[in-house]
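Written below as structure tokens is the structure these notes are about.
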Amino acid sequence: MEPTDVPASWGDRLHERADFESSFNELDGFPGYTPETLRGRVRSLQMRLEEADRHFRRAAELLAATTHRDLAQVALTDAYQREHGLLTGQPWQRSAPTILRLTDEKLKAIDSLRKSMDALEALHDGRPETALSIYRECLYTYAEAGPERQALWHLGIAASEVQLDEPDEAVRHLEIAGLFVCDPLCRTLGRAQISARLATVHAYLKDHDGAHSWWDFLTHVSCPESTRRAMRKRAALIGQHSDELGRCVLC
Numbered sequence: 016m017e018p019t020d021v022p023a024s025w026g027d028r029l030h031e032r033a034d035f036e037s038s039f040n041e042l043d044g045f046p047g048y049t050p051e052t053l054r055g056r057v058r059s060l061q062m063r064l065e066e067a068d069r070h071f072r073r074a075a076e077l078l079a080a081t082t083h084r085d086l087a088q089v090a091l092t093d094a095y096q097r098e099h100g101l102l103t104g105q106p107w108q109r110s111a112p113t114i115l116r117l118t119d120e121k122l123k124a125i126d127s128l129r130k131s132m133d134a135l136e137a138l139h140d141g142r143p144e145t146a147l148s149i150y151r152e153c154l155y156t157y158a159e160a161g162p163e164r165q166a167l168w169h170l171g172i173a174a175s176e177v178q179l180d181e182p183d184e185a186v187r188h189l190e191i192a193g194l195f196v197c198d199p200l201c202r203t204l205g206r207a208q209i210s211a212r213l214a215t216v217h218a219y220l221k222d223h224d225g226a227h228s229w230w231d232f233l234t235h236v237s238c239p240e241s242t243r244r245a246m247r248k249r250a251a252l253i254g255q256h257s258d259e260l261g262r263c264v265l266c
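Quick note: the sequence shown uses the working numbering, first residue 16, plus one each step.
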């Protein structure tokens with residue numbers, strides 16, 4: 016078994032069902048740094064942050080010990096660890112190259128995820144111009160991306176514009192992000208994640224009606240109640256980070 020092997024269609028089931036515990040249990044019996052990274056990813060989504068830390072650190076140990084490294088999987092591992100680091104307030108040291116020459120569709124998706132992490136870090140660091148530039152680049156370079164990615168990039172643009180004191184433009188991009196979330200092709204996990212983040216940004220802007228509408232939307236997403244609780248808990252932590260930093264951030 017290769018260190019990058021995972022159950023067939025595992026990612027599709029995670030995104031379609033947003034059943035975290037079921038997805039975690041499916042990884043039983045799969046060794047290697049990619050399954051261990053995905054265990055960390057699921058625990059991070061569940062807001063079981065200490066457990067996620069352990070899985071991510073184990074994945075890093077496995078990756079360091081292997082001589083067979085799939086560049087795309089290294090980039091995926093790197094992106095998920097960096098996002099978790101932003102969430103916990105403990106930045107993760109980058110392990111993947113800054114520039115990847117990726118061509119096929121799967122690798123392009125991973126590269127767009129890496130760039131999104133660059134933008135998230137820029138938001139946290141108070142570099143909204145950099146974040147805005149990256150998000151716009153993603154929209155241009157990956158125009159064929161699905162509704163979840165499009166929604167996340169417009170949401171990132173909105174957060175950047177909040178930091179730049181451009182609230183009208185921010186609201187416009189929040190509305191565009193919302194349209195993508197309502198797209199029939201937007202999968203369950205994307206709907207749950209992004210609706211909670213939309214609510215958080217609206218709340219940061221003191222738009223309580225807008226925040227309430229997205230919290231209400233989340234209650235109607237067809238996913239386990241435990242997933243909704245995790246999304247609310249994550250959103251609360253994002254709001255706390257924004258308040259502490261004095262600027263609108265995402266993670």
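Backbone N, C-alpha and C fix where the C-beta goes; we use that ideal spot for every residue, glycine too.
Contact set for residue i: own chain, Cβ-Cβ below 8 Å, skip 5 residues either direction
| i | result |
| --- | --- |
| Thr19 | Gly47, Tyr48, Thr49, Asp85 and Gln88 |
Residue range of the alpha helix (DSSP H) that includes residue i
| i | result |
| --- | --- |
| Ser237 | Here Ser237 belongs to no alpha helix (DSSP H), and DSSP marks it neither H nor E. |
| Asp27 | Trp25 to Arg32 |
| Gln105 | That residue, Gln105, is in no alpha helix (DSSP H); it is neither H nor E in DSSP. |
Three-way DSSP call (helix, strand, coil) for residue i in this model
| i | result |
| --- | --- |
| Cys197 | coil |
| Leu167 | helix |
| Met62 | coil |
| Glu159 | coil |
| Leu301 | What is shown of the chain runs 16 to 266, which leaves residue 301 out entirely. |
| Leu122 | helix |
| Asp180 | coil |
| Ile114 | Any reading at Ile114 is ruled out, since the residue's pLDDT is 43, under 50, leaving its predicted position unreliable. |
| Leu42 | coil |
| Asp222 | coil |
| Gly141 | coil |
| Val216 | helix |
| Val57 | helix |
Close beta carbons around residue i, own chain, < 7 Å, minus the five adjacent residues each side
| i | result |
| --- | --- |
| Ala218 | Ala226 and Gly254 |
| Glu51 | His70, Arg73, Ala74 and Leu77 |
| Asp133 | Ile149 |
C-beta contact flag for residue i and residue j at 8 Å
| i | j | result |
| --- | --- | --- |
| Cys266 | Gln178 | no |
| His30 | Arg202 | yes |
| His139 | His169 | no |
| Leu233 | Ala211 | yes |
| Ala245 | Leu213 | no |
| Leu200 | Leu102 | no |
| Arg164 | Tyr157 | yes |
| Cys153 | Lys130 | yes |
| Arg151 | Ala207 | no |
| Ala160 | Val216 | no |
Contact set for residue i: own chain, Cβ-Cβ below 6 Å, skip 5 residues either direction
| i | result |
| --- | --- |
| Ser257 | Tyr219, Cys263 and Val264 |
| Ile209 | Ala166 and Val196 |
| Leu91 | Ile125 |
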